[in-house]
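Engineer: Residue numbers for the sequence shown, in UniProt numbering: 1 to 390.
By construction, the Cβ of each residue, glycine as well, lies at the ideal position given by its N, Cα and C atoms.
Got a structure for you, questions after.
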Amino acid sequence: MSVSVAESARPQPLSLAALVDALSVRDLTDPAQGPHALQTLVSDAAWALGSSTGATVLVSRSRPIVTTEDNYDRLGYQPDAVSRDARYTRYVSDTTMLRSHTSAGVPPALRRLASSSSPHGALRGGASASPVLLVLPGICHRRDSIDRIHTGTPHQLDLWLLRRGGRRLDHDDLHDLVTTMVGAMLPGTHWRWNVTTHPYTVGGREVEAIRDGRPVEIAECGLAAPHVLAAGGLDPSSWSGLALGMGLDRVLMLRKGVPDIRLLRSADPRVAGQLLDLEPYHPVSDLPPARRDISVAVPAGSDAEVLGDQVRSALGADADLVEEVAVVSTTPYADLPEVARARLGIRPGQDNVLLRLVLRPVDRTLTSDEANALRDRVYTALHTGTSAPQ
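Structure (structure tokens):
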């Protein structure tokens with residue numbers, strides 16, 4: 001039986017144990033939790049943009065648990081948006097969740113801005129005033145695929161430039177903002193942008209850095225949507241703004257030449273010591289991977305993000321041993337021969353998915369027995385047929 005987006009999007013709160021585990025993950029952008037190169041990236045971007053625009057810089061750090069209204073509604077996400085689906089959102093209660101992006105901090109930051117007086121009279125002064133740069137870094141929580149550049153706990157940075165009165169901020173200003181941001185965070189890197197759409201912007205753009213002749217998405221941006229400003233208490237007839245959100249992990253990997261996102265959290269002192277600055281990364285080892293293919297019966301429509309999240313949940317702390325979970329092929333029940341159905345114990349409404357599990361710790365080589373044990377744990381967690389592992 002198929003399930004509608006509205007039905008599957010109903011909040012399914014995390015268990016207490018899962019919530020405690022999520023809140024225990026270190027936010028690498030927070031100086032209070034120890035130094036990290038991500039903090040330098042944030043500081044460099046804030047300083048460069050504050051200097052180039054003459055803006056008052058306001059850094060906002062919020063707790064990772066936010067209201068669904070701030071994460072979705074006040075940013076313009078529709079009630080049936082697929083991102084609200086419980087498969088992708090980590091709900092804490094009917095009305096709260098672990099933020100899926102740092103943009104969730106924008107509505108409350110706008111409300112604070114609207115209710116305060118800027119040192120330069122930006123809110124209650126004359127017709128025109130100096131702009132304000134909102135800087136919102138932090139850790140986010142998503143259900144995501146597993147590979148070298150994706151994680152379920154990415155770090156993001158929102159940069160919103162807001163101005164009251166005078167000439168309205170436009171796409172020329174947005175281009176200048178992106179140019180300054182890229183120059184500060186990825187010096188000497190060429191970039192381009194493409195037209196796209198976001199619920200919280202007008203004239204949205206996707207920003208790609210060009211590395212080794214190939215584009216790598218690093219940010220999304222646009223003009224701040226009037227409905228978002230209005231929801232935050234700022235009159236859109238007098239206020240204008242630029243909105244930019246970016247993935248900090250990927251930018252740091254590009255800046256330093258880090259090949260695997262798991263290294264950003266490595267406890268190996270040879271690695272961790274290199275993640276305190278923005279100097280080029282020097283590999284400490286090149287360990288061979290262990291690959292295991294797994295054929296499982298899963299609910300129809302299960303994608304790499306859902307399966308990757310299930311693997312993380314199944315392996316717990318051992319999830320860091322997994323370099324990648326790749327979907328090699330997907331075959332619906334109806335397309336399988338009877339002998340395959342019997343072997344899998346698959347039922348109507350399920351798919352047969354062939355997964356490739358790539359196992360490679362960042363600091364050692366797995367034994368064959370260890371790799372097989374991890375494979376069996378993944379099989380047990382994912383397989384919903386009736387057969388035992390082969």
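In terms of alpha-carbon separation, which member of ARG87, PRO79, GLY76 and LEU110 lies closest to LEU58?
Structural biologist: LEU110
Engineer: By DSSP, does GLN33 sit in helix, in strand, or in coil?
Structural biologist: helix
Engineer: Pair every Cβ in the segment 306-323 with every Cβ in the segment 356-366, then say whether three or more of these pairs are closer than 8 Å.
Structural biologist: Result yes; three or more Cβ-Cβ pairs closer than 8 Å.
Engineer: How big is the Cα-Cα spacing for ASP376 and VAL298?
Structural biologist: 16 Å
Engineer: For SER295, which three-state DSSP category applies?
Structural biologist: strand
Engineer: Which residue wins for smallest C-alpha separation from ARG356, given the options ILE294, LEU223 and ALA184?
Structural biologist: Nearest of ILE294, LEU223 and ALA184 to ARG356, Cα basis: ILE294.
Engineer: Going by the beta-carbon positions, is the gap between residue 391 and TRP160 smaller than 8 Å?
Structural biologist: Given that the chain is displayed from residue 1 to residue 390, the structure contains no residue 391 and the question cannot be resolved.
Engineer: State buried or exposed for VAL378, treating a residue as buried only when at least 16 other CB atoms are found within 10 Å of its CB.
Structural biologist: Buried, since its Cβ has 16 or more Cβ neighbours within 10 Å.
Engineer: Report buried or exposed for GLN274, applying the criterion of at least 16 other Cβ atoms within 10 angstroms of its Cβ.
Structural biologist: buried
Engineer: Return yes when the Cβ of ARG360 is within less than 8 Å of the Cβ of ALA259, no when it is not.
Structural biologist: Here residue 259 turns out to be Pro, not Ala, going by the sequence shown. No. Outside cutoff.
Engineer: Quick one: using the 10 Å Cβ neighbour count with 16 as the cut-off for buried, is PRO64 buried or exposed?
Structural biologist: buried
Engineer: Can the beta-carbon of PRO107 be found closer than 8 Å to that of LEU75?
Structural biologist: yes
Engineer: I need the DSSP call for ASP158, collapsed to helix, strand or coil.
Structural biologist: strand
Engineer: Could you name each continuous beta strand (DSSP E) segment of 3 residues or more that falls completely within the segment 224-304, going from the start of the chain to the end?
Structural biologist: DSSP assignment within the segment 224-304 yields the following whole beta strand (DSSP E) runs of 3 residues or more, N-terminal first: 239-247 and 290-299.
Engineer: Would you report the Cα separation of SER117 and ARG143, rounded to the nearest angstrom?
Structural biologist: With a pLDDT of only 45 at SER117, under 50, the local geometry of the prediction cannot be trusted, and no value is derived from it.
Engineer: When the Cβ atoms of the segment 171-186 are set against those of the segment 202-212, are three or more pairs found closer than 8 Å?
Structural biologist: yes
Engineer: If I measure Cβ to Cβ from ASP351 and keep anything under 8 Å in the same chain, skipping five residues before and after, which residues do I get?
Structural biologist: ALA297, VAL298, PRO299, ALA300, GLY301, SER302, THR330, THR331, PRO332 and TYR333
Engineer: Roughly how many angstroms lie between the CA atoms of GLY233 and TRP239, to the nearest whole one?
Structural biologist: Taking the straight line from one Cα to the other gives about 10 Å.
Engineer: In its own chain, which residues sit with a C-beta less than 8 Å from the C-beta of HIS155, not counting the 5 before and 5 after it?
Structural biologist: Excluding positions up to five away in sequence, the list reads ASP27, LEU28, THR29, LEU38, PRO137, GLY138, ILE139, CYS140, GLY247, LEU248 and ASP249.
Engineer: Quick check on the DSSP output: the beta strand (DSSP E) that includes LEU133 runs from which residue to which?
Structural biologist: 132-139
Engineer: How far does the beta strand (DSSP E) with HIS383 in it extend, from its first residue to its last?
Structural biologist: Premise fails: HIS383 is in no beta strand (DSSP E) and is neither H nor E.
Engineer: Please state the DSSP three-state secondary structure of ARG99.
Structural biologist: coil
Engineer: If we count the other Cβ atoms within 10 Å of its Cβ and call it buried at 16 or more, is SER145 buried or exposed?
Structural biologist: The residue in question, SER145, is buried, as its Cβ has 16 or more Cβ neighbours within 10 Å.
Engineer: On a Cα-Cα basis, can you pick out the residue from ARG168, MET97 and SER62 that is closest to LEU19?
Structural biologist: MET97
Engineer: Any idea if ILE346 is buried or exposed, counting beta-carbon neighbours within 10 angstroms, 16 or more meaning buried?
Structural biologist: ILE346 is buried by the Cβ-count criterion.
Engineer: Below 8 Å CB to CB, which residues in the same chain sit around ALA314 once its five sequence neighbours on both sides are set aside?
Structural biologist: ARG377, VAL378, THR380, ALA381 and LEU382
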